[in-house]
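Trainee: Dumping the structure here so I can ask a few things about it.
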Amino acid sequence: MLPLSVSERGLGGEVCPNADGERSEYWRPAAGETSPPNPLHNPFAERTDYFPEDRRRVSYALQTLWHEKTRYAAGVGAVAFSAVLMVLQVGLLLGLFETTSIPVDHTSADIWVGSQDVRSVDLGVPIGVNLHMARLTGKSGLVGQPELYLANYANLTRPNGGMERCFILGSGLDPDAAGAADVLTPELKSALTMPDSIVIDESDLNRTGLTGLGDRIKINGVEVTLVGTVRGMKSLAAPWVMCSLTTARKILATYLQPDQTTYLLVRAESPQRAKEIVNELNAEYPEMQAHTADDFSFSCRWYWLTRTKAGIAIGYAALLGLLVGAVITAQTLYSATMASAREFATLLALGIPRKKIYGLVMEQSFWVGAAGIVVAWPVVYLLSLGAAAGGAKVVLRWEVLAGAAVLTILTALGSGLFALRSVRSIQPMSLLR
Amino acid sequence: MSRSFGDGALKRFALRDVTVDLFPGQLALLMGPSGSGKSTLLAVLSGLLPPDSGQVFAEDQGRTVDVWAMTDPEREQFRLRHTGFIFQGYNLFPALTALQQLEIVLKWGAGLDNAEARSRAEDMLKRLGLDQQKSKKPAQLSGGEKQRVAIGRALVKDPTFIFADEPTSALDWENGKVVLELLRAAAHSRQASIFVVSHDDRMKEYADVIYHLNEGRLEVEHNPAAPAPIHLPVEGFS
Numbered sequence: 327m328l329p330l331s332v333s334e335r336g337l338g339g340e341v342c343p344n345a346d347g348e349r350s351e352y353w354r355p356a357a358g359e360t361s362p363p364n365p366l367h368n369p370f371a372e373r374t375d376y377f378p379e380d381r382r383r384v385s386y387a388l389q390t391l392w393h394e395k396t397r398y399a400a401g402v403g404a405v406a407f408s409a410v411l412m413v414l415q416v417g418l419l420l421g422l423f424e425t426t427s428i429p430v431d432h433t434s435a436d437i438w439v440g441s442q443d444v445r446s447v448d449l450g451v452p453i454g455v456n457l458h459m460a461r462l463t464g465k466s467g468l469v470g471q472p473e474l475y476l477a478n479y480a481n482l483t484r485p486n487g488g489m490e491r492c493f494i495l496g497s498g499l500d501p502d503a504a505g506a507a508d509v510l511t512p513e514l515k516s517a518l519t520m521p522d523s524i525v526i527d528e529s530d531l532n533r534t535g536l537t538g539l540g541d542r543i544k545i546n547g548v549e550v551t552l553v554g555t556v557r558g559m560k561s562l563a564a565p566w567v568m569c570s571l572t573t574a575r576k577i578l579a580t581y582l583q584p585d586q587t588t589y590l591l592v593r594a595e596s597p598q599r600a601k602e603i604v605n606e607l608n609a610e611y612p613e614m615q616a617h618t619a620d621d622f623s624f625s626c627r628w629y630w631l632t633r634t635k636a637g638i639a640i641g642y643a644a645l646l647g648l649l650v651g652a653v654i655t656a657q658t659l660y661s662a663t664m665a666s667a668r669e670f671a672t673l674l675a676l677g678i679p680r681k682k683i684y685g686l687v688m689e690q691s692f693w694v695g696a697a698g699i700v701v702a703w704p705v706v707y708l709l710s711l712g713a714a715a716g717g718a719k720v721v722l723r724w725e726v727l728a729g730a731a732v733l734t735i736l737t738a739l740g741s742g743l744f745a746l747r748s749v750r751s752i753q754p755m756s757l758l759r
Numbered sequence: 002m003s004r005s006f007g008d009g010a011l012k013r014f015a016l017r018d019v020t021v022d023l024f025p026g027q028l029a030l031l032m033g034p035s036g037s038g039k040s041t042l043l044a045v046l047s048g049l050l051p052p053d054s055g056q057v058f059a060e061d062q063g064r065t066v067d068v069w070a071m072t073d074p075e076r077e078q079f080r081l082r083h084t085g086f087i088f089q090g091y092n093l094f095p096a097l098t099a100l101q102q103l104e105i106v107l108k109w110g111a112g113l114d115n116a117e118a119r120s121r122a123e124d125m126l127k128r129l130g131l132d133q134q135k136s137k138k139p140a141q142l143s144g145g146e147k148q149r150v151a152i153g154r155a156l157v158k159d160p161t162f163i164f165a166d167e168p169t170s171a172l173d174w175e176n177g178k179v180v181l182e183l184l185r186a187a188a189h190s191r192q193a194s195i196f197v198v199s200h201d202d203r204m205k206e207y208a209d210v211i212y213h214l215n216e217g218r219l220e221v222e223h224n225p226a227a228p229a230p231i232h233l234p235v236e237g238f239s
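So the protein lines, in turn, are chains E and L.
Position 229 (the first sequence) corresponds to 555 in my numbering; numbering is contiguous.
Position 196 (the second sequence) corresponds to 197 in my numbering; numbering is contiguous.
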């Protein structure tokens, strides 16, 4: 290395940046040295060339973003934060409202037939068994006989006093019964065939005042015995109470006439055929409502989501997240653009159209949004796993993920538009002092 | 041309009825004390700052045009076709390599495709002796090299006029001489008009014509001792 001495020219001399981009005093070779082609070589200025020659097709915007990672990190972080907030909130809400369709999701029936305009499984009103059974059995493509499914709210009297609403799910208990919840083991189904016996989810034990197997409580005045507990039938408002058709009919005696049921359930040859049968039934008999299991499940969730206005609350929270993301991203892009104002001013002086610089800033904002999404996804998955471990289900539907991605990119682009103010203010004249 | 700043009692003339002729193949040097209006004259001549009165005529596509009678987009197009700038700072994008600093002007300005922009930018860097530095970013270049990249950016679109505002002020004299030699070589071999603003007397020996600006008035001094076109040790513009 050449011996170095401080320049006598002092402040008027050369300045060169150090590795941190800060300007340091100028040094030059000592007298007597021949002028080297690069007399100002700064050994600390060596940097890794992230985009060497063979990769130069990377856009200027992306290259700048990568070069100034720390500067743009705040924007990427803000965008990721709003994306995570949005997806988790919607995911938690969907997870929460999944409990409203649990009876439908845990049975193996393909077609549900209920009363007119029934939109959620807990809203069915009694229908005549014979009439509806006849309508169903006339259809081809069904597998097995339609089964009764008795369902309605009931009042549960806790052992220590006090009332609790519960929801009775009375189904067939044959090994291949379409209405029997899939969480019921053969042993539990067998136990439920005993008169006045019930099974509940273990998470509902406290709520119902039950402590263990063999405990007895009254539902609608009928004394029933707990013969087992299951997992996966968590409830939101009223505990699901699984029992046989006989027990259900006894509990719901004042609600259901002997020749009535809440639903008729049946399997179909194929999902496609199930859809066709449902369409035919709804067209032929407008006074009843047939659903495929998938549609009914969605209908239950959607009904409660809109009914409770929870969607609006989530919408506001997501909007707030987007706003925070947008403001920080706009500020990041604005200051990054202003930091390059002299370079942009030089291009403008050379006659480069201003719209090219607008394009660069907009492309940068797009990449900030895209990077935010890339950062957000693993965080979303980790947090949803954490939530699941804590007992809260986060439903990550592709529609929600895609929607959040689109909103995030739009937010970033909006922030870019805001940052264009800084480009408008750049004048080449500012370079002449 | 005249140009003033401020109003009423605070009105101050930066330029008073100033006339300048710039010729192809000539390096004109504008000197004067600080605050004498040197940068104002450069800005008015180069189409960056409108004069209060007067005109700036130039040859454009075979006809004589008044730069300040154009619309803003027309003037932008004029600058794109005809002018190159070298400012006091290097104003290089920290994220881009030396080659890309030149390519961006050709791609965004002249609309050249990647291959042609690259080829012309490489050629220019080679002429400036920066062949080995083309893949380096500003942080990896010395001050002299950075100013040469800035000159390359000004010259790469082959402008008719090159305006340089204190182009050597951030350099030591050894590097400053290299810059001036490059500018002279551009003037002589490319028949460009070079207009350099400086307060450094050592530059006079490189100028064909020297203007002195003092309190808004201009005096001309021709330099009979101006050296012949210089061929640079680093492959110049011969």
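Backbone N, C-alpha and C fix where the C-beta goes; we use that ideal spot for every residue, glycine too.
Excluding the 5 residues flanking M559 of chain E on each side, which residues of the same chain have their C-beta closer than 7 Å to its C-beta?
Mentor: Working through the first sequence from its first residue, we reach residue 559 of chain E at position 233. These residues qualify, in order along the chain: I428, H432, A507, V509, D527 and W566.
Trainee: Pairs of beta-carbons, one from the stretch 492-506 of chain E and one from the stretch 563-577 of chain E, closer than 8 Å: are there three or more?
Mentor: The answer is yes - the stretch 563-577 of chain E touches the stretch 492-506 of chain E, with three or more Cβ pairs under 8 Å.
Trainee: Does the stretch 684-693 of chain E come close enough to the stretch 640-648 of chain E to have 3 or more Cβ pairs within less than 8 Å?
Mentor: Contact between the stretch 684-693 of chain E and the stretch 640-648 of chain E is absent, because fewer than three Cβ pairs lie under 8 Å.
Trainee: Determine the direct distance from the alpha carbon of C569 of chain E to that of S475 of chain E, and round the result to whole angstroms.
Mentor: Numbered from 1 along the first sequence, position 149 holds the residue referred to as residue 475 of chain E. Numbered from 1 along the first sequence, position 243 holds the residue referred to as residue 569 of chain E. Inspection of the sequence shows that residue 475 of chain E is occupied by Tyr rather than by Ser. So the alpha carbons of these two residues sit roughly 11 Å apart.
Trainee: I want to verify the contact list: residues of chain L whose CB lies under 8 Å from the CB of S529 of chain E, in sequence order.
Mentor: Within the first sequence, numbered from 1, the residue matching residue 529 of chain E stands at position 203. Residues of chain L passing the Cβ test: none, with the nearest at roughly 55 Å.
Trainee: Closer than 8 Å by beta-carbon distance: list the chain L residues that pair up with E669 of chain E, in chain order.
Mentor: As a working note, residue 669 of chain E is residue 343 in the first sequence. Residues of chain L passing the Cβ test: N92, L93 and F94.
Trainee: Any Cβ of chain E within less than 8 Å of the Cβ of D166 of chain L?
Mentor: Working through the second sequence from its first residue, we reach residue 166 of chain L at position 165. Yes, its Cβ sits closer than 8 Å to a Cβ of chain E.
Trainee: Could you please give the first and the last residue of the uninterrupted beta strand (DSSP E) stretch that includes R750 of chain E?
Mentor: Stepping through the first sequence from its first residue, residue 750 of chain E is reached at position 424. Taken as a continuous stretch (DSSP letters only), R750 of chain E belongs to no beta strand (DSSP E), being part of the alpha helix (DSSP H) at W724 to R750.
Trainee: How would you list, in chain order, the residues of chain L whose beta-carbon sits under 7 Å from the beta-carbon of M755 of chain E?
Mentor: The residue given as residue 755 of chain E occupies position 429 in the first sequence. Here the neighbours are A44, L49 and L50.
Trainee: Whose Cβ in chain E lies nearer than 8 Å to the Cβ of T84 of chain L?
Mentor: Taking the first residue of the second sequence as 1, we reach residue 84 of chain L at position 83. By Cβ distance, chain E contributes A675, L676 and G677.
Trainee: Evaluate the contact criterion for the stretch 665-680 of chain E versus the stretch 69-87 of chain L: three or more CB pairs, one atom per stretch, below 8 Å.
Mentor: Touching, yes, given that three or more Cβ pairs across the two stretches are closer than 8 Å.
Trainee: DSSP three-state call for D202 of chain L: helix, strand or coil?
Mentor: Along the second sequence, one-based indexing puts residue 202 of chain L at 201. Reduced to three states, the DSSP call for D202 of chain L is helix.
Trainee: I'd like to know whether the C-beta of L81 of chain L is nearer than 8 Å to at least one C-beta of chain E.
Mentor: For the purposes of this step, residue 81 of chain L is taken as residue 80 along the second sequence, with counting starting at 1. Yes, because at least one Cβ of chain E sits closer than 8 Å to the Cβ of L81 of chain L.
Trainee: Which residues in chain E sit within 9 Å of G110 of chain L, going by Cβ to Cβ distance?
Mentor: Here residue 110 of chain L refers to the residue found at position 109 when the second sequence is read from its first residue. Neighbours of G110 of chain L on chain E, chain order: L673, L676, G677, I678, P679 and K682.
Trainee: The stretch 391-406 of chain E: which residues have C-beta closer than 7 Å to a C-beta of chain L, in chain order?
Mentor: Against chain L - using a Cβ distance shorter than 7 Å - the residues of the stretch 391-406 of chain E are H393 and E394.
Trainee: To the nearest angstrom, how far is the alpha carbon of V732 of chain E from that of S625 of chain E?
Mentor: As a first step, residue 732 of chain E is located in the first sequence; it is residue number 406 there, counting from the start. As a first step, residue 625 of chain E is located in the first sequence; it is residue number 299 there, counting from the start. Each residue's Cα considered, the two are about 26 Å apart.
Trainee: Kindly indicate which three-state DSSP category P704 of chain E falls into: helix, strand or coil?
Mentor: In the first sequence, residue 704 of chain E corresponds to position 378, counting from 1. DSSP places P704 of chain E in helix when its eight states are reduced to three.
Trainee: Beta-carbon of F14 of chain L versus every beta-carbon of chain E: anything under 8 Å?
Mentor: The count along the second sequence starts at 1 and reaches residue 14 of chain L at position 13. No, F14 of chain L lies away from the interface with chain E (no Cβ there is under 8 Å from its Cβ).
Trainee: Which residues in chain L have a C-beta closer than 7 Å to the C-beta of Q389 of chain E? List them in chain order.
Mentor: Position 63 of the first sequence holds residue 389 of chain E. Neighbours of Q389 of chain E on chain L, chain order: A96 and L97.
Trainee: Strictly by DSSP, which residues pair up with Y479 of chain E?
Mentor: Counting from one through the first sequence, the residue named residue 479 of chain E turns up at place 153. The partner list for Y479 of chain E (beta bridge, DSSP) reads E:F493.
Trainee: For S596 of chain E, which three-state DSSP category applies?
Mentor: Along the first sequence, read from residue 1 onward, the residue named residue 596 of chain E stands at position 270. Of the three classes helix, strand and coil, the one that applies to S596 of chain E here is coil, per DSSP.
Trainee: Does DSSP put E372 of chain E in a helix, in a strand, or in coil?
Mentor: What you label residue 372 of chain E is simply residue 46 of the first sequence in a count that begins at 1. Residue confidence is low: E372 of chain E scores 33 on pLDDT, short of 50, so the model does not pin down where it sits. Its coordinate-derived value is still stated next. In this structure, E372 of chain E counts as coil in the three-state DSSP scheme.
Trainee: Identify, in the order they occur along the chain, each residue of the same chain with its Cβ nearer than 7 Å to the Cβ of V701 of chain E, setting aside the five sequence neighbours on each side.
Mentor: The residue labelled residue 701 of chain E in the question sits at position 375 within the first sequence. Excluding residues within five positions, the ones whose Cβ falls inside 7 Å are V402 and A406.
Trainee: Taking contact to mean at least 3 C-beta pairs separated by less than 8 Å, is the stretch 590-607 of chain E in contact with the stretch 541-553 of chain E?
Mentor: No, because fewer than three Cβ pairs between the stretch 590-607 of chain E and the stretch 541-553 of chain E fall closer than 8 Å, the two stretches do not touch.
Trainee: Under a CB-based cut-off of 8 Å, is F272 of chain L close to chain E?
Mentor: Past the boundaries of the shown model lies residue 272 of chain L; chain L is included only from 2 to 239, so the question cannot be answered.
Trainee: 8 Å is my cut-off, CB to CB: does S666 of chain E come that close to chain L?
Mentor: In the first sequence, counting from the first residue as 1, residue 666 of chain E sits at position 340. Yes - at least one Cβ of chain L is within 8 Å of the one on S666 of chain E.
Trainee: How many angstroms separate the CA atom of S239 of chain L from the CA atom of L214 of chain L?
Mentor: Position 238 of the second sequence, counted from the start, is the residue given in the question as residue 239 of chain L. Position 213 of the second sequence, counted from the start, is the residue given in the question as residue 214 of chain L. Low confidence applies here, because S239 of chain L scores a pLDDT of 35, under 50, leaving its location unreliable; read the following figure in that light. Looking at the two C-alpha atoms, the distance is approximately 33 Å.
Trainee: Take the Cβ of T390 of chain E as the centre, count every other Cβ of all protein chains shown within 10 Å, and call the residue buried at 16 or more, exposed below.
Mentor: Locating residue 390 of chain E in the first sequence gives position 64, where the first residue counts as 1. With 16 or more Cβ atoms within 10 Å of its Cβ, T390 of chain E is classed as buried.
Trainee: May I ask you to list the residues that DSSP assigns as paired with T84 of chain L?
Mentor: Walking along the second sequence from the start, residue 84 of chain L turns up at place 83. Paired residues: L:F162.
Trainee: For L419 of chain E, which residues of its own chain have a beta-carbon under 8 Å away from its beta-carbon, when the five flanking residues on both sides are left out?
Mentor: Your numbering for residue 419 of chain E matches position 93 in the first sequence. L631, A636, G637 and I640, listed in sequence order.
Trainee: Would T426 of chain E be called buried (16 or more neighbouring beta carbons within 10 Å of its own) or exposed?
Mentor: Along the first sequence, read from residue 1 onward, the residue named residue 426 of chain E stands at position 100. The residue is buried, with at least 16 neighbouring Cβ atoms inside 10 Å.
Trainee: Taking only beta-carbon positions, decide if Y386 of chain E is within less than 8 Å of chain L.
Mentor: Numbered from its first residue, the first sequence carries residue 386 of chain E at position 60. Chain L contact via Cβ: present.
Trainee: To the nearest angstrom, report how far apart Q583 of chain E and M459 of chain E are at their CA atoms.
Mentor: Within the first sequence, the letter at position 257 stands for residue 583 of chain E. Within the first sequence, the letter at position 133 stands for residue 459 of chain E. Taking the straight line from one Cα to the other gives about 16 Å.
Trainee: Name the two residues that bound the continuous alpha helix (DSSP H) containing T396 of chain E.
Mentor: As a position in the first sequence, residue 396 of chain E is number 70, starting the count at 1. Looking at the DSSP string, the run of the alpha helix (DSSP H) that includes T396 of chain E is K395 to E424.
Trainee: Would you grab the beta carbon distance between L219 of chain L and V21 of chain L for me? Rounded to a whole angstrom, and I think it's under 8 Å.
Mentor: On the second sequence, position 218 is the one that residue 219 of chain L refers to. On the second sequence, position 20 is the one that residue 21 of chain L refers to. Right, their Cβ atoms sit about 7 Å apart.
Trainee: Using a Cβ-Cβ cut-off of 8 Å, state whether I105 of chain L counts as contacting chain E.
Mentor: As a first step, residue 105 of chain L must be located in the second sequence, where it is residue number 104. Yes, its Cβ sits closer than 8 Å to a Cβ of chain E.
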